[in-house]
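Chemist:
Protein chains: 2
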Amino acid sequence: MIKANPYYFDLSANYLFQEIARKIKQFKEKKPDADIISLGIGDVTQPIPAACIKAMVKAAEEMGSAVTMHGYGPEQGYEFLRQAIADNDYPSLGIDIDEIFVSDGAKCDVGNIQEVFSQAARVAIPDPVYPVYRDTNIMAGRQIEYLPCVREAGFSPALPKEKAELIYLCSPNNPTGAVLTKDDLKKWVDYAKENGAVIIFDSAYKEYITTPDIPHSIYEIEGAKEVAIELRSFSKTAGFTGVRCAYMVVPKALKALDAQGNETSVNALWSRRHSTKFNGVAYVVQRAAEAVFSAEGKKQVREMVGYYMENARLIRETLAAKGFTVYGGVDAPYIWLQTPAGMTSVALFEKLLNEVQLVCTPGSGFGTYGEGFVRLTSFGTRENTLKALERIGNLSL
Amino acid sequence: MIKANPYYFDLSANYLFQEIARKIKQFKEKKPDADIISLGIGDVTQPIPAACIKAMVKAAEEMGSAVTMHGYGPEQGYEFLRQAIADNDYPSLGIDIDEIFVSDGAKCDVGNIQEVFSQAARVAIPDPVYPVYRDTNIMAGRQIEYLPCVREAGFSPALPKEKAELIYLCSPNNPTGAVLTKDDLKKWVDYAKENGAVIIFDSAYKEYITTPDIPHSIYEIEGAKEVAIELRSFSKTAGFTGVRCAYMVVPKALKALDAQGNETSVNALWSRRHSTKFNGVAYVVQRAAEAVFSAEGKKQVREMVGYYMENARLIRETLAAKGFTVYGGVDAPYIWLQTPAGMTSVALFEKLLNEVQLVCTPGSGFGTYGEGFVRLTSFGTRENTLKALERIGNLSL
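Written out as structure tokens, the structure is:
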């Protein structure tokens, strides 16, 4: 009988979000009338910008006429969208549209990019971390070194102990809400250059940065194009979690070694992967994404981000006033809440669920160094966020 | 420096469709005023059904209100769509909705499914073949046996010479337009059972079957659920090439061996893969797909398929009358045209392009046994199809 991919059995059984979903489901079955509020999984609650709806409806109508319909589009994305991304997201960083690949989600991109590298590449991943970086490399059979992100270092990942060749960084960070400064990023770019490593830089939350001088793109660091791939998404920028559109920048200056030990273009490898296993993003979705960059779209995005960041401020300040130690929520939509002394992440998760019907995400699900924290998101409605804070106020600790 | 995936360098440089695109581009640069007609790449020209447009516009409008918007959906697809697929596509075959996985394209599914199997699995692929089956297995470093599909055997693939564990079949076939009968499929199901193999059955073109008793699904063969995964797509059924929606059936009865040699569920493996590397299909797209199964949608699909199959009939009969030998076009939207004696596929492709500005796809791009044929598609407009046939009528051979 055919053998399964053996590495799948190295995955831990409780994929974080599935496990939480199961516990919540159990709770609901026990107490069907409970009014549960979720500040757990990072899904948005505000509608997508009106400019995007307008563009999507128009595009859908175009699909209904033989003259204006669109069949297969370019796998890499329509030029109208790649140009809008280059012009608006990278106006002064010299990113060429051939370096931009549009996809149906940052989860797919961050999961698939590892395929173009050798199975023997040594991977370094922050701990705590968005589990997709970890699980997709386990599935590929790679060895992983986890880089502790501790409070004392501002949750900035420690440098690898063993030489790493594929490094994942996320800033603003999911789950800690921390950001990497220019100096932090320069340290990583230097490390990558010295060690022939590639950095996968996830900046899906860059729209939430409020502190001046925090880099929005790794390409703000000189020489980063030679060592880094950058991921971005419309999911958190424009509320596209149910619309599905993201993009990845793979610079032409980025190289890897081929089987003969010669330098080869990672952009060309990814282009081959993308055109072999993917058929482009829906035309209607790409038109909606383009509208994010219209004057109207930009204004609506600023309002949406402002709405969520006001939630973040409320959560942060209310919890601090109640005596909790909180991190994040300034440059990121995530609040990283330290558990009271002696309490595990899962214990606080269960206490919040059982006592005040509030769902958070236990930090231990994101890795060993997530123990002692839970993640709260600011993506709820204002009403639910305020109600949640009131409930926490009544919590006995 | 990090090493690239070494297997990428085993791919042939001329990915068929890219190479053809390059030749056509060169021709257009030389003769910018030429009126080129393409019956080459299998893209559709008719608008998607009005029922789907209506559903998509409504869904887009829902995304504009906080009450009706949809964030992350289930990775496997919304139940409303999976239920519609089960009820309409598999009414009597007992497929459970948990065995149906909705995706953004059959190209992605057929490219990704191999990941859940061991790299050591021996692959068998028909020749000629849709190149994605081949290239995605080369990228994964697998050994491939090619199964000749010869005219004398009705383009039905020969059984493997060496024991194969992962077998790709496509009926109605791209590129030959041939179909597998119940006896043919039974032979393959028996082979898979005897050899512990898994069949990836691509039935993306099943809507084009007109001959009675040709199976639309491999699950019409008894016992196939224990050995086969089936792929389907809305791309060719409902003109969704630019909308992006497909689905794959992974039966719970299908098993592979885990690292300890115990039987494990392929459905569970795929579910893990799907939820780790994919975030579901856009809500608006799933609503459009659901509408394919409405009474109005079904009627419109029948009309669209009828339109293309009338093109197929015209191509088939006109070419036969002109003295060509043609296959396919009865149960498939593809016509497999034999080149005149002594002429290669590429020679006929170039002759058609240069002399009558008609684009076809050279059969040799689909594999060694595609040499001596070119593929024509019936997905053009009626006007262009008739014009193309008139031009072929004037061709000097």
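Top line first, the protein sequences correspond to chains H and S.
Heads up, the first sequence is in our numbering, so the first residue is 1 and it goes up one at a time.
Heads up, the second sequence is in our numbering, so the first residue is 1001 and it goes up one at a time.
Glycine included, every Cβ here is placed at the ideal spot set by N, Cα and C.
Check the C-beta distance from S/Ala1204 over to S/Ile1218 and give it rounded, since I have them as a contact under 8 Å.
Modeler: Incorrect: roughly 13 Å between the Cβ atoms, too far for contact.
Chemist: What does DSSP give as the partner residues of H/Glu3 in its beta bridges?
Modeler: Per the sequence shown, residue 3 of chain H should be read as Lys rather than Glu. Paired residues: S/Leu1257.
Chemist: Which residue comes first and which comes last in the beta strand (DSSP E) that contains H/Glu62?
Modeler: Here H/Glu62 belongs to no beta strand (DSSP E); instead the alpha helix (DSSP H) covers Ala50 to Glu62.
Chemist: Could one say the Cβ of S/Gln1357 lies closer than 9 Å to chain H's Cβ atoms, at least one of them?
Modeler: no
Chemist: Ordered along the chain, which non-local residues of its own chain (more than five positions away) have a Cβ less than 6 Å from that of S/Pro992?
Modeler: Past the edges of chain S, shown from 1001 to 1397, lies residue 992 of chain S, and the structure says nothing about it.
Chemist: Let me make sure I understand the geometry here. Which of S/Gly1223, S/Leu1314 and S/Phe1366 has the alpha-carbon closest to that of S/Leu1093?
Modeler: S/Gly1223
Chemist: Report the residue ranges of all alpha helix (DSSP H) runs contained in full by the segment 170-234 of chain H; include only those spanning at least 4 residues, in chain order.
Modeler: 182-195
Chemist: Check whether the Cβ of H/Ala197 lies closer than 9 Å to any Cβ atom in chain S.
Modeler: yes
Chemist: Along the beta strand (DSSP E) that carries S/Pro1126, what are the first and last residues, could you check?
Modeler: Val1123 to Asp1127
Chemist: Given that S/Ile1053 touches chain H, what residues does it touch there, using C-beta distances under 7 Å?
Modeler: Taking the beta carbon of S/Ile1053 as reference, the chain H residues within 7 Å of it are Ala60, Glu61, Met63 and Gly64, listed in sequence order.
Chemist: Between S/Asn1279 and chain H, is there a C-beta pair that is closer than 9 Å?
Modeler: yes
Chemist: Closer than 9 Å, CB to CB, is H/Asp333 near chain S or not?
Modeler: Checking the sequence, you will find Pro at residue 333 of chain H rather than Asp. For H/Pro333, the answer is no, since every Cβ of chain S falls outside 9 Å of its Cβ.
Chemist: Using Cβ-Cβ distances below 9 Å, what residues of the segment 211-227 of chain H are close to chain C?
Modeler: Going by chain labels, chain C is absent from the structure shown, which instead holds the protein chains H and S.
Chemist: Within the continuous alpha helix (DSSP H) that includes H/Phe349, where are the two ends?
Modeler: Ser345 to Val356
Chemist: At a CB-CB cut-off below 7 Å, which residues of chain S make contact with H/Ala256?
Modeler: Met1001, Ile1002, Lys1003 and Ala1004
Chemist: Note down, in chain order, all residues in the segment 106-120 of chain H with a beta-carbon under 7 Å from any beta-carbon belonging to chain S.
Modeler: Answer set for the segment 106-120 of chain H: Lys107, Cys108, Gly111, Asn112, Glu115, Val116, Phe117, Ser118 and Ala120.
Chemist: Using only the alpha-carbon positions, how far apart do S/Ile1398 and S/Cys1170 sit?
Modeler: Outside the shown range of chain S, which is 1001 to 1397, sits residue 1398 of chain S, and nothing can be said about it.
Chemist: Output needed for S/Leu1348: all residues of its chain with C-beta closer than 6 Å, excluding positions within five of it in sequence on either side, in chain order.
Modeler: Excluding residues within five positions, the ones whose Cβ falls inside 6 Å are Thr1339 and Val1374.
Chemist: My output table needs one value for S/Ile1315: the three-state DSSP class, helix, strand or coil.
Modeler: Reduced to three states, the DSSP call for S/Ile1315 is helix.
Chemist: Quick check on H/Phe9 - is its C-beta less than 9 Å from some C-beta in chain S?
Modeler: yes
Chemist: In chain S, which residues lie less than 9 Å from H/Thr45 when you measure between Cβ atoms?
Modeler: Ala1066, Met1069 and Gly1071
Chemist: DSSP three-state call for H/Ala84: helix, strand or coil?
Modeler: helix
Chemist: Can you name the residues that DSSP bridges to H/Leu73?
Modeler: The identity of residue 73 of chain H in the sequence shown is Gly, whereas the question assumes Leu. Partner(s): none; H/Gly73 has no beta bridge.
Chemist: What does the alpha-carbon distance come out to for the pair S/Val1305 and H/Ala66?
Modeler: 15 Å
Chemist: Nearest by alpha-carbon distance to H/Asp10: which of H/Gly77, H/Gln143 and H/Ala21 is it?
Modeler: H/Gln143
Chemist: Quick one: is S/Ala1034 buried, meaning 16 or more other Cβ sit within 10 Å of its Cβ, or exposed?
Modeler: exposed
Chemist: Measuring only between beta-carbons, confirm whether S/Gln1018 sits less than 9 Å from chain H.
Modeler: yes
Chemist: Exposed or buried, what is H/Val266 when buried is set at 16 or more other beta-carbons lying within 10 Å of its beta-carbon?
Modeler: By the neighbour-count definition (other C-beta atoms within 10 Å, threshold 16), H/Val266 is a buried residue.
Chemist: Chain S partners of H/Leu231, CB-CB under 9 Å?
Modeler: Chain S residues near H/Leu231: none, gap ~13 Å exceeds 9 Å.
Chemist: Quick check on H/Tyr90: does DSSP put it in helix, strand or coil?
Modeler: coil
Chemist: What is the residue span of the beta strand (DSSP E) that S/Val1326 lies within?
Modeler: Val1326 to Gly1328
Chemist: Beta carbons nearer than 9 Å to chain S: which residues of the segment 281-309 of chain H have them?
Modeler: When C-beta distances to chain S are compared with 9 Å, the residues of the segment 281-309 of chain H below that value are Val281, Ala282, Tyr283, Val284, Val285 and Ala288, in chain order.
Chemist: Using beta carbons (cut-off 9 Å, strictly below), is S/Asp1184 in contact with chain H?
Modeler: no
Chemist: Can you pull the chain S residues whose beta carbon is under 7 Å from the beta carbon of H/Glu152, in chain order?
Modeler: None at all; the shortest Cβ gap to chain S is about 31 Å.
Chemist: State the Cα-Cα distance for the pair H/Glu61 and H/Ala341, rounded to the nearest angstrom.
Modeler: 58 Å
Chemist: By the criterion of Cβ-Cβ separation under 7 Å, what are the contact partners of H/Ala259 in chain S?
Modeler: Pro1006 and Phe1009
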